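**Student:**
Residue numbers (this note's numbering), protein chains in the order written: chain A, 79 to 559; chain B, 79 to 559.
(1) Need the endpoints of the alpha helix (DSSP H) that residue 479 (chain B) sits in, please.
(2) For residue 255 (chain A), return the contacting residues in chain B, with the cut-off set at a CB-CB distance below 9 Å.
(3) Nearest-angstrom Cα distance between residue 448 (chain A) and residue 439 (chain A)?
(4) Go ahead and pull the three-state DSSP assignment for residue 529 (chain A).
(5) Is the shortest distance between the beta-carbon of residue 151 (chain B) and the beta-carbons of chain D less than 9 Å?
(6) What do you reckon, are the CB atoms on residue 490 (chain A) and residue 516 (chain A) nearer than 9 Å?
(7) Between residue 244 (chain B) and residue 255 (chain B), which are expected to be in contact by the criterion C-beta below 8 Å, what is the C-beta distance as a whole number of angstroms?
(8) So for residue 507 (chain A), helix, strand or coil by DSSP?
(9) Output needed in chain order: residues of the region 407 to 426 of chain A with a Cβ under 9 Å from some Cβ in chain B.
(10) Can you tell me which of the three DSSP states residue 321 (chain B) falls into?
(11) What would DSSP say about residue 190 (chain B), mapped onto helix, strand or coil?
(12) Please classify residue 107 (chain B): does DSSP put it in a helix, a strand, or coil?
(13) Ignore the nearest five residues each way along the sequence and tell me which others in residue 365 (chain B)'s own chain have a CB closer than 8 Å to its CB.
(14) Step through the CB atoms of chain A and report whether any lies within less than 9 Å of the CB of residue 167 (chain B).
(15) Answer yes or no: do residue 403 (chain A) and residue 372 (chain A) have a C-beta to C-beta separation smaller than 9 Å?
(16) When you compare only the Cα positions, how much space is there between residue 336 (chain B) and residue 437 (chain B)?
(17) Can you find a C-beta in chain B that's less than 9 Å from the C-beta of residue 405 (chain A)?
(18) Between which two residues does the alpha helix (DSSP H) containing residue 166 (chain A) stretch?
(19) One question on the structure: do residue 304 (chain A) and residue 558 (chain A) come within less than 9 Å of each other, judged by their Cβ atoms?
(20) Return no unless some Cβ of chain A is closer than 9 Å to the Cβ of residue 274 (chain B).
(21) Considering residue 282 (chain A), what are the terminal residues of the beta strand (DSSP E) in which it resides?
(22) For residue 476 (chain B) and residue 288 (chain A), I'd like the C-alpha separation in whole angstroms.
(23) Verify the CB distance criterion: does residue 559 (chain B) have a CB-CB separation below 9 Å to chain A?
(24) Measuring straight from C-alpha to C-alpha, what distance separates residue 151 (chain B) and residue 117 (chain B)?
(25) Please tell me whether residue 392 (chain B) has its Cβ less than 9 Å away from any Cβ of chain A.
(26) Between residue 458 (chain A) and chain B, is the shortest Cβ-Cβ distance under 9 Å, so that the two count as touching?
(27) Could you say which of B:514, B:544 and B:479 lies nearest to residue 298 (chain B) if we only look at CA atoms?
(28) So what's residue 210 (chain B) in DSSP terms, helix, strand or just coil?
(29) Check each candidate in B:494, B:96 and B:112 and name the one with the smallest Cα separation from residue 193 (chain A).
(30) Does residue 85 (chain A) come out as helix, strand or coil in the three-state DSSP assignment?
(31) Looking only at DSSP bridge pairs, what is residue 331 (chain A) linked to?
(32) What residues in the region 99 to 112 of chain B have a beta carbon less than 7 Å from any beta carbon of chain A?
(33) Quick one: is residue 80 (chain B) buried, meaning 16 or more other Cβ sit within 10 Å of its Cβ, or exposed?
(34) Ignore the nearest five residues each way along the sequence and tell me which others in residue 485 (chain B)'s own chain have a CB closer than 8 Å to its CB.
(35) Kindly list the residues whose CB is nearer than 7 Å to the CB of residue 189 (chain B), restricted to its own chain and excluding five residues on each side of it in sequence; keep chain order.
(36) Do you know offhand how far residue 430 (chain A)'s Cα is from residue 202 (chain B)'s?
In structure tokens:
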């Protein structure tokens, strides 16, 4: 809205690049006067809407229903599940006053909604016919972060927490849902061309109240890992606390088994960080707020013809794609910078020569190579094909980049040094003592054990624990966000 | 989700009818364990989404951009505008603690977002080229209500506050925007078939910090008025406080003039209350979560043919409309009750006779008359025509009902009695003393003066003040929600 410079620091200086692209590409305004709170610009909010409509569609298609539960949780409910409250009590905001009254029952601003939702699940679930119950909501949640905050990554108000909650007849049926949720998240991140690890978190570092936790992690351009989604099997831990029971086909009253899984706006942090370059955003075509920008190249005396031809192309493309005709007074170079910064996926330039030849000059945001296309060959199908090719290129490149940050170690030599640059794979047994030892000696955090080995990773699933030598699975160590 | 009874109290017992329809039609679960907080069921949330997509479209079409500002406002910003804070300080929730720390700067949970947004407007607005600036957000806001709370009407968490904020070069341009906003809200409520008054609020009872306030009010089935939207001209009151200035074409730095306007989920309270009947929801076709329900009437031995024919119809209609084929095991009567409660706009019954004759039996939710239609005449165009006819019928009926609650008084005789039943129009001058006097003597609240006289109201714009006799405009008195 105000005038901004389009220049970014090089992406190799990732922390500063990230800080500046968030502001300059108008994703978020980082000048809100409270630590850890940021403002979504119109452009950023549009990107958010496009990305979240993907996850919404995936959830709707798979029988999840959207709901909304209150943001305020009474202390009494919040404190019911002992493990859960232990995990969150240092991180929540407390509402203690209304007007000038002290509240009788203090309220917590939801850090996540288990304790808001499950007292109502108790009322909604009566019999096996009500199961499975699968709901989700996209809401603001709040954490009293004392660490360094960062837009989209570490926030005091997570503005866009997509949390799903499900209830099932048995541990096994809930486990099936855990797998379904993993599948949904894979499809979501694949569609964004974001590569990931699927990791089972250590027993001693799982979601407070869960039986076990599966996390999605990706690697950021500085070699640190970013957790971008979690799936929790809650077993009957919460249902016992909140008395969520159903009458089974055999007439017996049983506790439900539950799962919950969440994704926050970290998905957008990953999207921006993984694909962007020194010039700005690079976005897969179908989530780019501006998919196509048309830039007429105007020479004195020939403006009219060029503008007319550009408008024809524009009128056709805007039917189907988010298209901008940038006929502002700026020079073409300034327009290029601006739309590169904003990640317009496809650029179309039209000058007098193109008009004469019935052609347009096309370039993709990622490769930036220009080529000429006959205007009448600029079909919707061709553009969709280009879009899919671009997504594949971005995905391949992102996987290549991620691979460069991953190194396998079968002993501790050099591990600590490597962890200053990237992520390490080690074979590690599941004992907490070996986990602590490798953390202490490497300086990295143990993310957990790979649930599946990505096809593009050349590593064997089993080996000897790097600490005790026992037969072990493949674990991931990293500096984390 | 759990089993519920479909029976409602008669709508003539409005308070109890409202209470029960909200729960039984699965709009909101009212059993959340904190006063004034409720849970949106999947069905209710779908209705919300359909209604809000209408207002979103209207705002998008008219150049408003969607954004998101933080829910937490620092005490320092919140207290800057003196009138504003006076109006809200007894109604806000205070966050005083994070984890076990007392916060240095206390935070307010936004009751509305002027004081969150305007410090950023100061940064976004530099020159006349940035104006007009028109943004909106749909967010949860919070009020510490000490009065009796009620779902969708009086809440401690307003889950769905659509608030727009605009900035302009002059008082006059902002006033133009006030008119545009009124136009947008009229179109919104017309599309929902909800009649309204457009009223200028009394000077002494306007939005805290505004130059003046225009309100939309409708009349609920118990004769009380419900404010369902407000539009505020803020002049330069906030821009002076928050130093929002622009450089004009003449090079001078000037304060912007602002407007803001909001609609909450009260729009859904009105929708439910105004159109519903003893059997449940009646919804205009295009916001009904279920637009068409198909109910096969199954007789032994002929199930197959009827189901097959029903599925053919279903497969065709679901391409275009939100259609349910209710082939559950319940008896047809139970299905009728259920879908009447849920406001399915169009019901299609199909029995063996219809299959034989290639017909279906159609009925509309509002008139409930049944008639036969040839299946091949059940075109999308015909259904859209029916939908539009239904909306017009609902609108006409709602206006008729509203008229019954309105009575003009040219003296105080009987006014107090009438105000126990309905809404009164009186000519009233704009002095606070006459306003107070008529309120005291009638027991009603002065909503303000009609901005325009609806065509369906037979009243003259000007007359003598009911208290002092001076030349006056038409004012509205009511018991309010």
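By construction, the Cβ of each residue, glycine as well, lies at the ideal position given by its N, Cα and C atoms. The structure presented is a predicted model; accordingly, all values stated were derived computationally and were not measured.
**Tutor:** By the coordinates alone:
(1) Unbroken alpha helix (DSSP H) run through residue 479 (chain B): 458 to 482.
(2) The premise fails here: residue 255 (chain A) is roughly 17 Å from chain B at the closest Cβ pair, so nothing lies under 9 Å.
(3) Residue 448 (chain A) and residue 439 (chain A): Cα-Cα distance of roughly 6 Å.
(4) If DSSP states are grouped into helix, strand and coil, residue 529 (chain A) belongs with coil.
(5) Of the chains in the structure shown, none is chain D; the protein chains are A and B.
(6) Yes, the pair counts as a contact, with Cβ atoms nearer than the cut-off.
(7) The pair is a contact, with the Cβ atoms about 5 Å apart (cut-off 8 Å).
(8) If DSSP states are grouped into helix, strand and coil, residue 507 (chain A) belongs with coil.
(9) Legend: CB atoms of the region 407 to 426 of chain A lying less than 9 Å from CB atoms of chain B are not found in any residue.
(10) Note: residue 321 (chain B) maps to coil in three-state DSSP.
(11) The answer is coil: DSSP assigns residue 190 (chain B) none of H, G, I, E or B.
(12) Strand.
(13) Excluding the 5 residues flanking it on each side, residue 365 (chain B) has same chain C-beta neighbours closer than 8 Å at 125, 128, 129, 132, 270 and 349, in chain order.
(14) Chain A, which has a Cβ nearer than 9 Å to the Cβ of residue 167 (chain B), makes this yes.
(15) Cβ atoms of residue 403 (chain A) and residue 372 (chain A): closer than 9 Å.
(16) Distance between the alpha carbons of residue 336 (chain B) and residue 437 (chain B): 58 Å.
(17) It does not: the Cβ of residue 405 (chain A) has no partner Cβ on chain B nearer than 9 Å.
(18) 160 to 166 is the extent of the alpha helix (DSSP H) around residue 166 (chain A).
(19) Remark: C-beta atoms of residue 304 (chain A) and residue 558 (chain A) approach each other more closely than 9 Å.
(20) For residue 274 (chain B), not one C-beta of chain A is nearer than 9 Å to its own C-beta.
(21) Neither: residue 282 (chain A) is in no beta strand (DSSP E) and is coded neither H nor E.
(22) Rounded to whole angstroms, residue 476 (chain B) to residue 288 (chain A) spans 52 Å at the Cα level.
(23) Taking Cβ atoms only, chain A never reaches closer than 9 Å to residue 559 (chain B), which makes this a no.
(24) When the Cα atoms are used, residue 151 (chain B) and residue 117 (chain B) turn out to be separated by approximately 25 Å.
(25) Not an interface residue.
(26) It does not; no Cβ of chain B falls within 9 Å.
(27) For residue 298 (chain B), the closest alpha carbon among the candidates B:514, B:544 and B:479 is that of B:479.
(28) Looking at residue 210 (chain B) - three-state DSSP - the assignment turns out to be coil, as it is neither helix nor strand.
(29) Considering only alpha carbons, the answer is B:112.
(30) Coil, per DSSP.
(31) Bridge partners of residue 331 (chain A): A:325.
(32) Per Cβ criterion, the list reads 107, 109, 110, 111 and 112.
(33) Note that residue 80 (chain B) has pLDDT 47, beneath the 50 cutoff, so the model's placement of it is unreliable and the number below is only indicative. It counts as exposed.
(34) Taking C-beta separations shorter than 8 Å and ignoring five residues to either side along the sequence, the partners of residue 485 (chain B) in its chain run 496, 500, 501, 502 and 503, following chain order.
(35) Closer than 7 Å at the Cβ level, and outside the excluded window around residue 189 (chain B), lie 166, 169, 170, 219, 220 and 221.
(36) If you take the alpha carbons of residue 430 (chain A) and residue 202 (chain B), they lie about 37 Å apart.
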